[in-house]
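For the sequence shown, the numbering used here gives the first residue as 25, with consecutive numbering after it.
Contents: one structure, followed by commentary.
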Amino acid sequence: MENQKGIIIAIDGHSSCGKSTMAKALAKRIGYTYIDTGAMYRAVTYYCISQNLIRNGRIDTESLQKKLPGLNISFITSEDGNQRTCLNSTDIEDQIRSMEVSAMVSPIAALPFVRSELVEKQRAMGNSKCIVMDGRDIGTTVFPNAELKIFVTASAEVRATRRYLEMKEKGGKIAYQDILDNVKERDRIDSTREVSPLRKADDAIILDNGNMTRDEQNGWLYKEYLKALERNGQ
Ligand code: DC
């Protein structure tokens, strides 16, 4: 283990602040595996919706708890090089980005049995190091010993504007105010849930990217990666 090369990079922070774009770009540049843990919580949420396990906002936790261990969440790389999420071998990438899933994902991600199941899967994925994992609790719970921890943030308005433009580009018709409300509500639920609430790990480096271009963020992160390698004698 001591001679194992490569490090674990944990990127946590608020929703819609560009964590995954940064994490993906870094993973590509340094040849690491990228894991989007939010997509895993979204996949479970999509499963609940598609199996009618959410009725009038109430989650049928008993059925979900029984089915969860049998769900196979995996990632494939599409021809254009993008990562796509699969549930039991079916590509559900487009479905998990819908507003319907976004609206229900925080309460699903707050369920303790969902978190313990997914955290276990995430730890298994990081066994071989050389990973960039993004989420909310990677530096605090999944990999508290990660060699590099980043906590990304920006104001709710900046994040809602980014998501609005992203959805508009994809042809979606959704009001900015609805997106802003969703961003704020998810912040509230993610930060106040009992199990693994969203919080900065004591040893995480904060990045407020509200006024940074993508290139600036990518350059900043790459430098932090080089520093982390040096700290770890690699
Ligand atoms: O990163 P995202 O917006 O796709 O994440 C979707 C939701 O999943 C988000 O509301 C919080 C939750 N999540 C979590 O609780 N823990 C993680 N490690 C990743 C995401």
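Glycine is no exception: its CB is placed at the ideal position from the N, C-alpha and C atoms.
Just checking residue i against the ligand DC - is the residue's beta carbon closer than 6 Å to any of the ligand's heavy atoms?
| i | result |
| --- | --- |
| residue 47 | no |
| residue 159 | yes |
| residue 118 | no |
| residue 20 | Residue 20 falls outside the range modelled here, since the chain spans only 25 to 258, and no answer is possible. |
| residue 237 | no |
| residue 150 | no |
| residue 138 | no |
| residue 65 | yes |
| residue 129 | yes |
| residue 113 | no |
| residue 81 | no |
| residue 108 | no |
| residue 183 | no |
| residue 42 | no |
| residue 74 | no |
| residue 133 | yes |
| residue 39 | yes |
| residue 177 | no |
| residue 164 | no |
| residue 210 | yes |
| residue 30 | no |
Since I believe residue j is in contact with residue i (beta carbons under 8 Å), could you give me their beta-carbon distance rounded to a whole number of angstroms?
| i | j | result |
| --- | --- | --- |
| residue 214 | residue 139 | Contact flag wrong, Cβ pair sits at about 12 Å. |
| residue 92 | residue 111 | Going by Cβ atoms, the distance from residue 92 to residue 111 rounds to 12 Å, so no, they are not a contact pair. |
| residue 225 | residue 41 | Wrong, their Cβ atoms sit about 16 Å apart, outside the cutoff. |
| residue 35 | residue 176 | 6 Å |
| residue 69 | residue 128 | 5 Å |
Can you list, in chain order, the residues of its chain with a C-beta nearer than 8 Å to that of residue i? Leave out the 5 residues immediately preceding and following it.
| i | result |
| --- | --- |
| residue 121 | 66 |
| residue 56 | 30, 33, 50, 154, 155 and 156 |
| residue 27 | Interpretation of residue 27 is limited by its pLDDT of 49, a score under 50 that renders its predicted location unreliable; no figure is taken from the coordinates. |
| residue 248 | 172, 174 and 229 |
Leaving out the 5 sequence neighbours to the left and right, which residues in its chain are closer than 6 Å to residue i when beta-carbon positions are compared?
| i | result |
| --- | --- |
| residue 137 | 89 |
| residue 49 | 242 |
| residue 253 | none |
| residue 115 | 108 |
| residue 245 | 46 and 50 |
| residue 187 | 40 and 203 |
Go through its chain and collect everything with a Cβ distance to residue i's Cβ below 7 Å, but skip five positions before and after it.
| i | result |
| --- | --- |
| residue 126 | 206 |
| residue 191 | 198 |
| residue 37 | 43, 175, 176 and 177 |
| residue 210 | 39 and 130 |
What does DSSP give as the partner residue(s) for residue i in the beta ladder?
| i | result |
| --- | --- |
| residue 57 | 155 |
| residue 34 | 157 and 173 |
Exercise for review: Please go through the region 142–218 and give each complete alpha helix (DSSP H) segment of 4 or more residues, from N-terminal end onward.
Suggested key: 180–193 and 200–216
message: Which complete alpha helix (DSSP H) runs does the region 68–137 hold, if anything under 4 residues is left out?
response: 85–91, 117–120 and 123–133
Exercise. At 4 residues or longer, and completely inside the region 231–255: list those alpha helix (DSSP H) runs for me, N to C.
Key: 238–255
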